[in-house]
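Participant: 0 is the number of the first residue of the sequence shown in numbering that gives the first Met the number 0; add one for each residue after it. Don't be surprised by glycine CBs; every beta carbon is placed ideally from N, CA and C.
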Amino acid sequence: MDLENKENQESGLSLMDIISIIKLNWIMITFFTLLLGVLTFAYVSRFVEDRYKSTSEILVQVPVSSERVDSNTLINSQRLLDTAAEFARSPHIVRKLRTEEYRSLITNVEHQSLLDSMSDRDIISNISVASSSTSFIIKFSYSHSNADFTQVITSVLTTILIENDILMFEDSFIELSPASDPVDDSPNRILYIIVGLMGGAIIGIGLAFIKHLFNNSYMTKEKLEQGTGIQVIGVIPEFFIKEGKKK
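Below, the structure is given as structure tokens:
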């Protein structure tokens, strides 16, 4: 009866088996880890362009009709702040970049060519506006692969926003800080490489376990007894023969 139970017992992998499989295939796992890490680094360096971001800070003045600030006033103020953030990246603001009044602020010919090559939708996709529910300051940012162009466009768009002709927002925006020096925004090469190394390790370990599935040998004495139902009397240890000195 005991022998029959042993034959029907499922042979799962223990923690020691998993560690043993990884140890036996560490060269393959290391190879795929380094290979995918190098390929990821090469891809990021060659095909993914650097992008830069410039940011300006703008204060949104919220009109208060009375000295007393109640809950309705706070709600309306928050709505106005959210509307201002959406307005800052609206086509109405972006289209003014192409008018003679504000285009003249872009003095570099290369920057003007870059602007002409972009649609309004392209420009809007590069704009980000961050606002907070605890303050009336919005952070207006623009990102692009050309660092100088990034700062110039951020500065001009900030000027357009402050000088807007919408009655609701007339004299509502005050520039707290000008367009900052461009900072490297993406790609995060370290993160890419870490993901590549982890992906290579997963592939290597996965192949090691697939290789183990096609391995018909028994890794331990206990597995042999469990699989055959025969008690193992002795085990020949692994050893190396030292070569004698040649005469």
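Whole-angstrom Cβ separation of Gly199 and Leu35, contact assumed at under 8 Å?
Facilitator: 3 Å
Participant: Going by DSSP, which residues form a beta bridge with Arg50?
Facilitator: Partner(s): Ser185.
Participant: Assuming Thr157 and Glu174 are in contact, meaning their beta carbons sit under 8 Å apart, how far apart are those beta carbons, in whole angstroms?
Facilitator: 6 Å
Participant: Closer than 8 Å: is that where the CB of Ile137 sits relative to any heavy atom of the ligand COA?
Facilitator: The model on display carries no ligand, and the ligand COA is accordingly not part of it.
Participant: On a CA-only basis, which of Thr39, Ala84, Ile26, Ile92 is nearest Val313? Give me that one, please.
Facilitator: For residue 313 there is no data in the structure shown, the boundaries of the chain being 0 and 246.
Participant: Taking the alpha helix (DSSP H) that Leu166 falls in, what are its first and last residues?
Facilitator: Leu166 -> no alpha helix (DSSP H), and no H or E assigned at all.
Participant: Kindly indicate the opening and closing residues of the beta strand (DSSP E) around Ala129.
Facilitator: From DSSP, the beta strand (DSSP E) with Ala129 extends over 126-130.
Participant: Can you tell me where the beta strand (DSSP E) holding Ile105 begins and where it ends?
Facilitator: Premise fails: Ile105 is in no beta strand (DSSP E) and is neither H nor E.
Participant: As a quick exercise: from Phe86, Ser116, Leu80, pick the residue whose alpha carbon is nearest that of Glu97.
Facilitator: Just to set this straight, residue 97 is Arg in the shown sequence, not Glu. Cα-wise, what sits closest to Arg97 is Ser116.
Participant: Would you report the Cα separation of Ser89 and Asp164, rounded to the nearest angstrom?
Facilitator: 13 Å
Participant: Tell me whether the beta-carbon of Phe208 lies closer than 9 Å to the beta-carbon of Ile26.
Facilitator: no
Participant: So, under 8 Å CB-CB, Ala87 and Leu206 are touching, yes? Tell me the CB distance rounded to an integer number of Å.
Facilitator: 51 Å between Cβ atoms; not a contact.
Participant: Assuming Lys138 is part of the beta strand (DSSP E), what are its boundary residues?
Facilitator: 136-143
Participant: If Phe139 sits next to Thr54, beta carbons under 8 Å apart, how far is it from one beta carbon to the other, in whole angstroms?
Facilitator: At roughly 7 Å, the Cβ-Cβ gap stays under 8 Å, so Phe139 and Thr54 are in contact.
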